[in-house]
Amino acid sequence: MYTTELKSGSDGGKKRSKVEIVEDPAKLAAFEARVAADEFIEAKDWMPEAYRKTLVRQISQHAHSEIVGMLPEGNWLRRAPSLKRKAILLAKIQDEAGHGLYLYSAAETLGTPRDEMIEALHSGKAKYSTIFNYPTLTWADIGAIGWLVDGAAIMNQVPLQRTSYGPYARAMVRVCKEESFHQRQGYEIMTVMANGTDAQKRMAQDALNRWWWPSLMMFGPPDDSSPNTERSMRWRIKRDTNDELRQLFVDVTVPQAEYLNLSIPDADLKFNKEKDGYDFGEIDWDEFYAVVRGEGPVAKERIKARTDAWEEGAWVREAAMVHAQKQSKKDAA
Amino acid sequence: MADIGDLSLWEVFIRTKGGLSHRHAGSVHAADKRMALEAARDTYTRRMEGVSIWVVPSSQVSASDPDEYDSFFEPAKDKIYRHPTFYPVPDEIKNM
Ligand SMILES: [Fe+2]
Ligand SMILES: [Fe+2]
Ligand SMILES: [Fe+2]
Ligand SMILES: [Fe+2]
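Given below as structure tokens:
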């Protein structure tokens, strides 16, 4: 999901770059030993180039996901059904902006300037979670996002509090503290709708139908087609595999849907006593890779909204700089 | 002798172990950053209390004004809905 390495094809990382950096074997061995001992790596510590690169990509993708993730919810801000819901939704969206900023600042400790990351997002070079390229059609979608999308994000982010890179781990601690409110407000919206009028119930079920599979896709491709998983696990950049987290998510979420009397849109879903978890149906990976390639229903709209916001905000940044210059001249005089 | 100024004040931040953020410990007087780092080491980590030290010239720290506490932090004061406890979770629901 947020932290899955998103590449445009199912060939994943098979096309290796020709120039492999040769690391000092002694330093590399010492680094591997530190990480294996669950020590944290900090910004000024020696680290292999591939570790640095993977982290910059993963953390900046995570940051982009938080930032773009504001858009589907922002779509309902001015149409929230009550002032209370509006205030709550605004607070949640503000948190997501904060998460993006914690993460950009963690990525910057690795030496990549923020401008560069934002430019990569705007040019379409950088990826972000596929989930945010789906539209929010009704108010029930806001409930489903908090419950399922933030729920999946929590599943993924909780173990990252122990990821090997200190600044990333600390950003995750802050984020995780805030996520619980996100999921609960979403589930509360779903509870109200699932117990409401027939029309509300239909909206709640429809939202679950549309968000269920994309939420499962958030955990990223199956383990057997995630070529870098092994190394990322060894370096403690990831702490669980995509499939492990996806299974965990299904197992906790199904009973939550049952409590709402909503049905999960999966004919193959059934509890498997032996593994003490649910078996579930095949995910449409063609759809996933299409969305990763930027063919999601609202992908263009999302990037346009980001670039517009950036361009329309340019005068504010300029005004702030000019004001600061004037003040420092005054102070000097 | 020419006026060469006084030792200036530096704020000291210590990371007690890997994975934790640097925390403010106190301050030292020093002529430059190297001296500030060594003075901080000798003052604050004589018993291995740290694995990393940051020193920042005190003059470079901008702080919020205690007299503005009420107005400055006011925006967050009435937003109890930012806390998970604002939302009841039914007993039947686990893992939320
Ligand atoms: Fe977030
Ligand atoms: Fe999120
Ligand atoms: Fe997140
Ligand atoms: Fe969230």
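Protein chains in written order, with the numbering used here: chain A, 936 to 1268; chain B, 290 to 385.
For every residue, glycine included, the Cβ atom is placed at its ideal position computed from N, Cα and C.
Note that the coordinates shown come from a computational prediction; the quantities given were computed from them, not determined experimentally.
Taking 7 Å as the cut-off between beta carbons, the residues of the region 1109-1135 of chain A near chain B are S1115, F1116, Q1118, R1119, Q1120, Y1122, E1123, in sequence order. When C-beta distances to chain B are compared with 7 Å, the residues of the region 1014-1042 of chain A below that value are A1022, I1023, A1026, in chain order.
With a threshold of 8 Å between beta carbons, Y1194 (chain A) makes contact with chain B. Straight-line spacing of the CA atoms in L1006 (chain A) and V1233 (chain A) works out to 11 Å.
The Cβ-Cβ distance between A1055 (chain A) and G1121 (chain A) does not fall below 8 Å. As computed with DSSP, A319 (chain B) is found in a beta bridge with B:S297. Within a 10 Å sphere around the beta-carbon of V1226 (chain A) sit 16 or more other beta-carbons, which makes this residue buried. Using a Cβ distance threshold of 8 Å, G1086 (chain A) and Q1118 (chain A) count as a contacting pair.
What H372 (chain B) touches in chain A, judged by beta-carbon distance under 8 Å, is F1116, going in chain order. Cα atoms of I1002 (chain A) and D1141 (chain A): separation of roughly 26 Å, rounded to the nearest angstrom. Residues of the region 331-343 of chain B with a C-beta less than 9 Å from any C-beta of chain A: V340, S341, listed in chain order.
Cβ neighbours of N1196 (chain A) within its own chain (closer than 7 Å, five residues either side excluded): A1129. The beta carbon of D1076 (chain A) sits closer than 6 Å to those of A1142, all from its chain and outside the five residues before and after it, given in chain order. For S1150 (chain A), the closest C-alpha among the options A:F1223, A:K1173, A:E1253 is that of A:F1223. Leaving aside the five residues that flank W343 (chain B) on each side, the residues in its chain whose CB is nearer than 7 Å to its CB run, in chain order, F302, H311. The beta carbon of H318 (chain B) sits no closer than 7 Å to any heavy atom of ligand 1.
Taking 9 Å as the upper bound on Cβ-Cβ separation, chain A lies near residues V340, S341 of the region 340-365 of chain B.
Within chain B, no residue has its beta carbon less than 8 Å from that of R1181 (chain A); the closest one is some 15 Å off.
Excluding five sequence positions before and after R1171 (chain A), the CB atoms of its chain that fall closer than 8 Å to its own CB belong to V970, D973, R1097, T1098, S1099, given in chain order. When DSSP states are grouped into helix, strand and coil, F1067 (chain A) belongs to the helix group. Taking 8 Å as the CB threshold, E1008 (chain A) stays off the interface with chain B. With distances taken between CA atoms, M385 (chain B) lies nearest to A:F1184 out of A:I1218, A:N1207, A:F1184.
Distance from the CA atom of A314 (chain B) to the CA atom of T334 (chain B), rounded to whole angstroms, is 10 Å. The beta-carbon of K322 (chain B) is placed no less than 8 Å from the nearest beta-carbon of chain A.
Not one heavy atom of ligand 4 sits closer than 7 Å to the Cβ of D1243 (chain A). By the neighbour-count criterion, in which a residue is buried when 16 or more other Cβ atoms sit within 10 angstroms of its Cβ, I1066 (chain A) is buried.
By the beta-carbon neighbour count (other beta carbons within 10 angstroms, threshold 16), K1027 (chain A) is buried.
Using a Cβ-Cβ distance cut-off of 8 Å, the region 1020-1040 of chain A and the region 357-372 of chain B are in contact, since at least three pairs of beta carbons, one from each stretch, lie closer than that value. Interface criterion not met: the Cβ of V1093 (chain A) is under 8 Å from no Cβ in chain B. Closer than 8 Å to the CB of G315 (chain B) there is not a single CB belonging to chain A. For F1215 (chain A), there is no enclosing beta strand (DSSP E), as DSSP gives it neither H nor E. DSSP, reduced to helix, strand and coil, places A1042 (chain A) within a helical segment of the structure shown. Rounded to whole angstroms, the Cβ separation of D1178 (chain A) and P1200 (chain A) is 20 Å, and the two are not in contact under 8 Å. R992 (chain A) and W1220 (chain A) have their C-alpha atoms some 22 Å from each other.
For V378 (chain B), the closest Cβ of chain A is nearer than 8 Å.
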